[in-house]
Amino acid sequence: MITGKNYIGNQLSAKGTKTYLTFNPLLNIENDTCYYSATQEEINEAVTLSVKSFKEFKKVSGIRKAEFLNAITDEILALGDELIQIYCSESGLPKNRAKGELGRTISQLKMFAELLKEGSWVQATIDTALPDRSPISKPDLRKMLVPLGPVVVFGASNFPLAYSTAGGDTVSALAAGCPVIIKSHPMHAGTGELVASAIIKAAKKTDMPNGVFSNLNSSGIEVGIQLVEHPDIKAVGFTGSIQGGRALYDIASQRDEPIPVFAEMGSINPIVILPEAVKTRSENLAKTISNSITLGTGQFCTNPGLILGIQGDSLNSFIQNLSDEIVKVEPTCMLHPNIIGNYEKNKDKALQQKGITVKAEYDSNVDANYARQTVITVLGKTFLENSTLHQEVFGPFSLVVQCKDISQLETIISKLEGQLTGTIIADNSELSRYTGIIEALKNRVGRIIFNGVPTGVEVCPSMQHGGPYPASTDSRFTAVGIHSIKRWVRPFSFQNWPDHLLPDELKNNNPLMISRLVDGKQIM
Ligand code: NAP
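Take a look at the structure:
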């Protein structure tokens, strides 16, 4: 049997006895490569190497880090069809999705490489000395962002490329100057190992310190826990369930030295349909929202799991149209039997709640691991009284809440848990009448969308992907786009430090030609 190993820095390693296989959900069979879970000894080795590499890596220039990221791009692209094949065999996702996600992964790498080449992201701030100031002299102070240290990143099940081994968390942390240890997602260990091999090749080619990147496998939660508990780990990136993210957050905050956990977790992404819009556009809305609910078998963190409207004939006809549309969609395969198991379990729990009505459920036979899309409805009062109905059902599922009036709609929005996104569907003419609704929604989300759907996360600097808890553990940061680098740095000041010993970013003659705030003025 072929075996998959851990990368402890540049070295492949398989010291343990615990092994596991990945699973092909489309064929409903196990794949044939056997992966070795990392042992405590291997975890310690990876962290020790990571600490050692940090001493050097934190001083590597932006230009050289950009070369490293560009080399990762080249090495990932060189993996060719082998990467696409293993991705599909471990996720059940189609080739086009694999290629699209690969494109996103590459564009993220390139964006961070450009950010590093330009260099101003460190927010260099200089206040020159005023030795003659009275009554006390002012010292020379110079501040910039510096890396935190070794970071642990958890691969996400629903993004085997763009939010896993060389995904957004890893790339932003490497760009910041932090070594990364990946806790690979067990469902796609093979995809992870292949991408890890590309990162290691790139690190060697660009002469990065050994230990700047490690990839550890495991099929149970203990490796992740040991990593987060390790005193030399300084921050954590996570995408997944609220239970998983919260458990890691609690572990990190109970350490002798608490560390930040940037977890992106559950979100039901409410869509609010205002009265005029539902009256005039019911059919089109139903098609668009049905496509968004079923996109990627509902396995996106921005999937619309909640639709809010005012009860009446117009909303009833929208619900009917949505139900008609959604059962027309051919069911698709979920990522893994565990994910479909959770989908069925959480859906059944919602279906058992008092006062709900099932409006649509795909009822023909489906293959193993295929999800049946479902739409249910409930009255606003019942929704308000039952927090179970506020929970994420990860998959092609949505709940339509029929609110008594605008006041109840506003109350419901204000009682929602934190969300990644909120959407307002409205006619332009009615917007100004519902400012209370819009303000209430803005208070619960990280991104507000007008007349669109929440799925489809553009990767660009102005994207906010994060929101009030439990959408993410820290709503001040984004997990997507170049500003995600800010999660892995801290501000650091030098006082009266000799110019030749300052980092280039803060030297008097600005050798990197970056934009800096000098004595209150932003200058090049
Ligand atoms: P998950 O269960 O949260 O697992 C993600 C990672 O965290 C895995 O590597 C897992 O380790 C680790 N983990 C989970 N619980 C942990 C704990 N208590 N302590 C330490 N580590 C822990 O997510 P998943 O495997 O991707 O899918 C499970 C469910 O999460 C889905 O069915 C879905 O409901 C939800 N989910 C939500 C989103 C979203 O964007 N909202 C995305 C993905 C998943 P091991 O796998 O090694 O045990």
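With positions in the sequence shown counted from 1, the corresponding number in our numbering is that position plus 454.
Where is the CB? At the ideal position from N, CA and C, for every residue including glycine.
Asked: Taking the DSSP output, what are the residues bridged to I462?; Found: Q465
Asked: In whole angstroms, what separates the C-alpha of M662 from that of K564?; Found: 18 Å
Asked: Return yes when at least one heavy atom of the ligand NAP lies under 6 Å from the C-beta of G720, else no.; Found: yes
Asked: At 4 residues or longer, and completely inside the region 462 to 550: list those alpha helix (DSSP H) runs for me, N to C.; Found: 494 to 511, 516 to 532 and 534 to 545
Asked: On the DSSP bridge assignment, give the partners of C857 in chain order.; Found: I764
Asked: Give me the residue from I483, Y923, I462 and V505 with the minimum Cα distance to I493.; Found: It should be noted that the sequence gives Thr, not Ile, for residue 493. If we check each option's Cα against that of T493, I462 comes out closest.
Asked: Give the C-beta separation of P924 and E871 to the nearest angstrom, bearing in mind that I take them to be a contact with Cβ-Cβ under 8 Å.; Found: 6 Å
Asked: When you compare the CB positions of F716 and R941, do they come within less than 7 Å of one another, or not?; Found: yes
Asked: Could you compute how far the alpha carbon of I891 sits from the alpha carbon of K803?; Found: 29 Å
Asked: Any heavy atom of the ligand NAP within a distance shorter than 6 Å of the CB on N460?; Found: no
Asked: Would you list the one or two residues that DSSP bridges to T693?; Found: E718
Asked: How far does the beta strand (DSSP E) with P945 in it reach, from first residue to last?; Found: V943 to Q949
Asked: Roughly how many whole angstroms lie between the Cα atoms of K509 and D594?; Found: 26 Å
Asked: Ignoring anything shorter than 3 residues or poking outside the region 766 to 817, list the beta strand (DSSP E) runs there in chain order.; Found: 811 to 815
Asked: Please confirm whether A731 and A880 have their CB atoms less than 7 Å apart.; Found: yes
Asked: Per DSSP, what kind of secondary structure is R970 in: helix, strand or coil?; Found: strand
Asked: Once the 5 residues before and after I780 are set aside, which same chain residues still bring their CB inside 7 Å of it?; Found: S744, I747, T748, A814, Q827 and V829
Asked: Please state whether DSSP places Q976 in a helix, a strand or coil.; Found: strand
Asked: Would you say P633 and V600 are within 7 Å of each other, going by their C-beta atoms?; Found: no
Asked: Which same chain residues end up closer than 8 Å to F613 when comparing Cβ atoms and leaving out the 5 residues on each side of it in sequence?; Found: E555, G621 and T693
Asked: With DSSP as the reference, identify every bridge partner of S852, one or two as the case may be.; Found: V829
Asked: From P604 to V854, what distance separates their C-alpha atoms?; Found: 44 Å
Asked: Could you pull the start and end residues of the alpha helix (DSSP H) that L895 belongs to?; Found: T889 to K896
Asked: Using a Cβ-Cβ cut-off of 6 Å (strictly less than) and excluding sequence neighbours within five positions of A650, which residues of its own chain qualify?; Found: Y461, T619 and N669
Asked: Per DSSP, what are the beta-bridge partners of D581 in this structure?; Found: L595
Asked: Here's the rule I'm using: 16 or more other beta-carbon atoms within 10 Å means buried, otherwise exposed. How should E495 be labelled?; Found: exposed
Asked: Any idea if R587 is buried or exposed, counting beta-carbon neighbours within 10 angstroms, 16 or more meaning buried?; Found: exposed
Asked: What does T457 pair with, by DSSP beta-bridge criteria?; Found: C488
Asked: Out of T831, I653, L874 and G678, which one is the CA nearest neighbour of I903?; Found: L874
Asked: Give a single yes or no on whether A520 has its beta carbon closer than 6 Å to a heavy atom of the ligand NAP.; Found: no
Asked: Let's test the definition: count the other Cβ atoms within 10 Å of the Cβ of V812 and tell me whether it reaches 16, buried, or not, exposed.; Found: exposed
Asked: Could you check the C-alpha separation between I538 and A532 for me, to the nearest Å?; Found: 12 Å
Asked: Between E484 and the rest of its own chain, which residues show a CB-CB distance below 6 Å, the 5 nearest in sequence each way excluded?; Found: L475 and F477
Asked: What did DSSP end up calling N669 once you bin it into helix, strand or coil?; Found: strand
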